[in-house]
Structure formats: C-alpha cells, structure tokens
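Below: one structure, written as structure tokens.
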Amino acid sequence: MKAIVTAIAHHVPPDVYDNNWFTKRIDTTDEWIQTRTGIKERHFAFEGGLTDILLPAAQEVLRQRGITADEIDCIIVATVTPDRVFPSSAAILQHKLGAKNAWGFDLSGACSGFLYALVTGAKMIEAGAAKKMLVLGGDKMSAILNFDDRTTCVLFGDGGGAVLLEPSESDDYGVVDHILRMDGAGEVHLHQKAGGSLRPPTIETVTNREHFVYQEGQAVFKSAVKGMADVSYEIMERNHLTADDVAWLIPHQANLRIIDATAERMGLSKDKVMINIERFGNTTAGTIPICLSELYQTDRVKRGDYLVLSSFGAGYTWGSVLLRWSIDKKEKA
Ligand code: ACO
C-alpha cells in the first residue's frame with residue numbers, strides 16, 4: 085500500500101509587493117534582487133495569521149475531492165510561523181475547517197517542513213493509522229521579517245498549500261522514496277534569535293529586533309547548493325531513474341542559482357524545473373506545495389509522472405522525495 089495525493093491546492097494573500105516597493109524603503113535595487121535571487125514580487129498579508137492563509141487551500145482540497153471536513157483523520161501543518169506558539173496551528177485550522185474528527189500537530193522543519201510532513205503523513209497512511217491526512221505547508225514570513233534588513237526582507241513571501249493523502253491499493257503511484265537529512269550545526273547561520281524558551285520575549289529583545297529572521301546568506305548558500313543537489317541526484321540514482329525518466333524537479337524556491345545548480349547536477353533541462361520564485365519569493369514551507377499545485381492547475385503534470393521534490397532550509401534541514409503523480413485530471417473531469 086502506498087500513500088497517494090488525491091487533491092492539491094494553494095493560497096497566497098492577495099496583496100502583491102514588487103521589488104520597487106523595497107527600493108523606496110531600503111538601500112536595494114530591483115536589479116540586485118532579480119540577479120541574486122530571481123525574485124520579482126511576493127505576496128504579504130499584514131493582517132491575520134498563517135491559518136487564514138492555509139484555510140482557503142484546505143477548503144479547496146475538500147471541494148476537489150468532494151468530501152466533508154469531518155472525514156479528515158489527521159492534520160499536519162509544517163511551518164515556522166504558526167498563529168501562536170500554542171495551541172498548534174493544526175488545532176486552530178481544525179476548528180476553522182470544522183474537521184471535528186481530526187487530531188494533528190505542527191511540524192517545524194523550516195523550508196524542508198513540507199517534505200518532512202509529506203513523508204510523515206505518507207508513513208501514517210502506509211501504517212494504517214489514518215485514511216485521510218491533510219498535509220499543509222505554509223508560512224507568513226512577513227510576521228518575522230525585519231523590513232529594515234535588506235539582506236533578508238527582500239527574499240521571502242507569505243503563502244502555503246495543502247495536499248490530501250489517502251491509501252492506494254496499487255503500489256504504482258504515490259510517495260515512492262525519500263531522503264531526509266538534518267544538521268543542527270547550521271543553527272548558527274540561520275535562526276530567529278528570540279521568542280523561544282532560550283530567549284523569551286522581553287523589552288530588550290524587542291528593542292534589539294531579535295524576533296526576526298537572522299541569516300548569514302553566503303554560508304547558507306554554500307550548504308544549500310551542495311545539500312539540495314546531493315539528495316536530488318541520490319534519489320534518482322538509487323531508484324534507477326535517468327534525467328529522461330523525471331518529468332519535473334520541484335525545488336524549494338529560495339534562490340534561482342541554488343535551483344539551477346540542483347537541476348544541473350541531475351542533468352535536467354530547464355523545461356523540467358518548476359520555478360515560480362519570481363512571483364512568490366521564498367514562502368519557506370509553502371514553496372513546494374504551491375509549485376505542485378500550480379503545476380496541477382495548469383495541466384502540466386499527468387498520472388504516472390515521476391516528480392523529484394527537494395528542499396534545503398533552517399536547521400539545517402534538507403531532503404528529497406520521489407513522488408509518482410496519481411491524479412488524472414481528465415478522468416476527474
Ligand atoms: N540589495 C542590495 N545589496 C544587498 C542586498 C540587497 N537586498 N542584500 C545584500 N546586499 C549586499 C551585501 O551587503 C553585500 O555587500 P558587500 O559586498 O558590500 O558586503 C553584497 O550585496 C553581496 O552580499 P552576499 O550576501 O554575498 O550576496 P549573495 O550573492 O550571497 O546573495 C543571498 C545573498 C540571496 C541571501 C544568498 O546568499 C542566498 O540565497 N543564500 C541562501 C538562502 C537560503 O537558501 N536560505 C535557506 C532557506 S530560508 C529558511 O529556511 C527560513
């Protein structure tokens with residue numbers, strides 16, 4: 085038995101902020117942002133919480149599959165920007181959605197959060213512990229961005245997506261394989277200084293602006309290029325797939341140059357690499373479900389396609405998932 089994706093959707097807040105919005109506030113240029121990252125614009129929601137971004141995606145998943153919220157067994161929300169430290173955003177979303185029979189939890193894996201959650205959900209399905217898992221990845225990065233810090237604030241956006249995982253008797257489709265890695269030594273290069281139990285909020289932490297993303301970009305860049313390329317290549321190799329067999333690489337959207345290096349290592353041509361960083365920036369746990377959802381919406385993925393999902397983020401956390409696509413849109417129509 086395998087876990088298959090039976091519905092997928094995404095949501096981003098409606099308000100769009102292009103690079104020129106930043107040039108009026110900080111010392112940056114549209115040219116710097118585009119050439120160093122690939123980003124042209126991103127969406128921010130300055131009101132509401134993460135679950136307000138995820139709720140429309142979750143509702144659309146239910147609508148697509150033709151089920152009611154009370155049929156959901158379990159909800160996993162991958163995020164580093166939950167509505168509150170507690171209760172979990174999974175609990176808040178469960179209530180908003182009306183999924184009264186679901187339990188669930190949040191999962192903190194930063195940019196790899198969605199892959200960690202997808203694999204966790206798939207394993208629960210394979211173990212028979214759940215039949216309808218709602219797996220979501222998303223972040224409201226605007227909540228933890230220092231809009232005076234040009235080295236970080238231009239990189240991120242708000243958004244997220246949701247998939248429904250269900251069991252399939254056939255072994256032909258679904259989550260085929262995964263490689264998930266972590267190296268906590270990366271903490272020094274990418275973290276949020278205050279707000280957790282180590283450094284609880286005080287007037288001092290707020291004055292010092294310690295509740296925001298702290299990133300040493302170059303150090304993270306070097307590890308990301310190697311980490312994402314390594315696991316993406318390794319998952320192809322150990323499943324005996326060549327570049328011709330892979331329909332799409334769906335990479336975490338942090339930086340176009342990291343994505344290019346990963347595709348090159350896999351021997352994939354550019355037309356097989358899903359990229360939307362120019363419109364959304366880095367939505368952290370949201371990038372991969374948003375990419376997957378856009379591919380599906382625009383009819384660029386068909387049943388049987390081999391998809392390699394790969395990511396690198398804070399922790400460090402990184403990984404790849406080999407997913408054999410299971411939904412045939414034509415059959416559904
Ligand atoms: N506008 C103009 N100049 C800038 C900006 C800006 N927005 N930001 C930085 N600069 C300047 C720097 O100050 C530096 O100037 P200096 O040479 O005078 O000191 C110069 O540009 C070069 O800065 P670098 O940091 O070396 O630029 P780099 O090419 O490395 O690009 C970036 C920076 C985009 C952050 C890149 O390092 C990167 O993508 N890193 C990886 C990000 C990532 O993958 N993060 C993981 C996921 S996020 C998560 O998990 C939450």
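Numbered by our numbering, the letters in the sequence shown go through residues 85 to 417 in order.
The beta-carbon is built from N, C-alpha and C at its ideal position, and this holds for glycine as well.
These numbers come from a predicted model, not from an experiment.
Legend entry - Enclosing beta strand (DSSP E) for Cys375 [first to last residue]: Here the question's residue 375 lines up with position 291 in the sequence shown. First-last for Cys375: 371–381, but that is the alpha helix (DSSP H), not the beta strand (DSSP E).
Inset, instruction - Quick one: grab the DSSP three-state call for Gln337. - result: The residue given as residue 337 occupies position 253 in the sequence shown. DSSP places Gln337 in coil when its eight states are reduced to three.
Legend entry - Per-residue burial, Asn366 [other beta carbons within 10 Å of its own, 16 or more giving buried]: The residue given as residue 366 occupies position 282 in the sequence shown. Per the 10 Å Cβ criterion, buried.
Legend entry - Simplified DSSP assignment, three categories, for Thr235: As a working mapping, residue 235 is identified with position 151 in the sequence shown. Of the three classes helix, strand and coil, the one that applies to Thr235 here is coil, per DSSP.
Legend entry - Distance, Ala278 Cα to Ile342 Cα: Here residue 342 corresponds to residue number 258 of the sequence shown, with the count starting at 1. Here residue 278 corresponds to residue number 194 of the sequence shown, with the count starting at 1. For Ile342 and Ala278, the gap between their C-alpha atoms comes out near 28 Å.
Inset, instruction - Return the first residue and the last residue of the beta strand (DSSP E) that Gly188 is part of. - result: The residue you call residue 188 lines up with position 104 of the sequence shown. Its beta strand (DSSP E) spans residues 187–191.
Inset, instruction - Measure the beta-carbon distance from Ala398 to Cys195 and round it to whole angstroms, keeping in mind my assumption that it falls under 8 Å. - result: Start at 1 with the first residue of the sequence shown, and residue 398 comes out as number 314. Start at 1 with the first residue of the sequence shown, and residue 195 comes out as number 111. That pair is a contact at about 7 Å.
Legend entry - Option nearest Val260 by Cα separation, candidates Leu407, Asp412, Met85, Pro98: Counting from 1 along the sequence shown, the entry for residue 260 is found at position 176. When each option's Cα is compared against that of Val260, the closest is Leu407.
Inset, instruction - Give a yes or no on whether 8 Å exceeds the smallest Cβ distance from Pro166 to chain C. - result: Of the chains in the structure shown, none is chain C; there is only one protein chain.
Legend entry - Any non-hydrogen atom of ligand 1 closer than 7 Å to Leu274 Cβ: Taking the sequence shown and counting its residues from 1, the one referred to as residue 274 is at position 190. Under cutoff, so the answer is yes.
Inset, instruction - Using only the heavy atoms of ligand 1, determine whether one of them is closer than 7 Å to the beta carbon of Leu239. - result: Counting from one through the sequence shown, the residue named residue 239 turns up at place 155. Flag set: Cβ of Leu239 near ligand 1.
Inset, instruction - Assign Glu271 to one of two classes, buried (16 or more other C-beta atoms within 10 Å of its C-beta) or exposed (fewer than that). - result: Mapped onto the sequence shown, residue 271 falls at position 187. It counts as exposed.
Legend entry - Whole-angstrom distance between Val89 and Ala473, CA atom to CA atom: Residue coverage of the chain in this structure runs from 85 to 417, which leaves residue 473 outside it and unanswerable.
Inset, instruction - Please list, in chain order, all residues of the same chain as Gly311 whose beta carbon is under 6 Å from its beta carbon, the five residues on each side excluded. - result: By one-based count along the sequence shown, residue 311 stands at place 227. Hits under 6 Å: Phe396, Trp402.
Inset, instruction - Pull up the CB-CB distance for Ser192 and Val164, whole angstroms please, since I reckon it's below 8 Å. - result: Taking the sequence shown and counting its residues from 1, the one referred to as residue 192 is at position 108. Taking the sequence shown and counting its residues from 1, the one referred to as residue 164 is at position 80. Indeed, because the Cβ distance is near 6 Å, the residues count as touching under 8 Å.
Legend entry - Residue environment, Ala87, which counts as buried when at least 16 other CB atoms sit within 10 Å: Numbered from its first residue, the sequence shown carries residue 87 at position 3. Looking at its Cβ environment, which holds 16 or more other Cβ atoms inside 10 Å, Ala87 is buried.
Legend entry - Residues bridged to Phe240 [DSSP beta-bridge criterion]: Taking the first residue of the sequence shown as position 1, residue 240 is located at position 156. According to the DSSP secondary-structure assignment, Phe240 is paired through a beta bridge with Asn366.
Inset, instruction - Would you mind sorting Trp409 into buried or exposed? The rule is 16 or more other CB atoms within 10 Å of its CB. - result: For this step, residue 409 is matched to residue 325 along the sequence shown. It counts as buried.
Inset, instruction - Could you tell me which of Val304, Glu294, Arg234 sits nearest to Gly440, measuring between CA atoms? - result: The displayed coordinates of the chain run from 85 to 417. Any statement about residue 440 would go beyond what the structure contains.
Inset, instruction - Assign Thr401 to one of three DSSP states: helix, strand, or coil. - result: Indexing the sequence shown from 1 puts residue 401 at position 317. Looking at Thr401 - three-state DSSP - the assignment turns out to be strand.
Inset, instruction - Tell me, please, which residues DSSP counts as bridged to Val330. - result: Here residue 330 is taken as the residue at index 246 of the sequence shown, counted from 1. In the DSSP output, where bridge partners are listed per residue, Val330 has Tyr390.
Inset, instruction - Counting only the same chain and skipping the five closest in sequence on each side, list residues whose C-beta sits under 8 Å from that of Leu229. - result: As a position in the sequence shown, residue 229 is number 145, starting the count at 1. Contacts found: Thr236, Cys237, Phe240, Phe296, Val297.
Inset, instruction - Could you tell me whether any non-hydrogen atom of ligand 1 is closer than 7 Å to the CB of Gln454? - result: Beyond the ends of the chain as shown, which are 85 and 417, falls residue 454; an answer cannot be given.
Legend entry - Three-way DSSP call (helix, strand, coil) for Ser307 in this model: Within the sequence shown, residue 307 is the residue found at index 223, counting from 1. Of the three classes helix, strand and coil, the one that applies to Ser307 here is helix, per DSSP.
Inset, instruction - Report all residues from its chain with a CB closer than 8 Å to the CB of Thr289; omit the five preceding and five following residues, and keep chain order. - result: Here the question's residue 289 lines up with position 205 in the sequence shown. Answer for Thr289: Lys277, Ala278, Gly279, Arg283, His295, listed in chain order.
Inset, instruction - Note down, one range per segment and in chain order, each beta strand (DSSP E) of at least 3 residues found wholly within the region 259–286. - result: Note on the region 259–286: whole beta strand (DSSP E) runs with a minimum of 3 residues are 274–276, in chain order.
Legend entry - Status (buried if at least 16 other CB within 10 Å, exposed otherwise) for Trp332: Numbered from its first residue, the sequence shown carries residue 332 at position 248. Buried, because 16 or more other Cβ atoms sit within 10 Å of the Cβ of Trp332.
Legend entry - the region 119–133 in contact with the region 353–363 per 3-pair CB rule at 8 Å: yes
Legend entry - CA-to-CA distance, Ala369 to Ala227, given in whole angstroms: Taking the first residue of the sequence shown as 1, we reach residue 227 at position 143. Taking the first residue of the sequence shown as 1, we reach residue 369 at position 285. The alpha-carbon atoms of Ala227 and Ala369 are separated by roughly 14 Å.
Legend entry - Check: Cys195 C-beta below 7 Å from any heavy atom of ligand 1: Within the sequence shown, numbered from 1, the residue matching residue 195 stands at position 111. Cys195: yes, Cβ under 7 Å from ligand 1.
Inset, instruction - From the DSSP output, in three-state form, read off Lys108 for me. - result: For the purposes of this step, residue 108 is taken as residue 24 along the sequence shown, with counting starting at 1. Here Lys108 sits in coil by DSSP.
Legend entry - Assigned exposure category for Phe170 - 16 Cβ within 10 Å defines buried: Stepping through the sequence shown from its first residue, residue 170 is reached at position 86. Phe170 should be labelled exposed.
Inset, instruction - For Gly397, verify whether its CB is less than 7 Å away from any heavy atom of ligand 1. - result: The sequence position of residue 397 within the sequence shown is 313, counting from 1. Yes, the beta carbon of Gly397 sits closer than 7 Å to at least one heavy atom of ligand 1.
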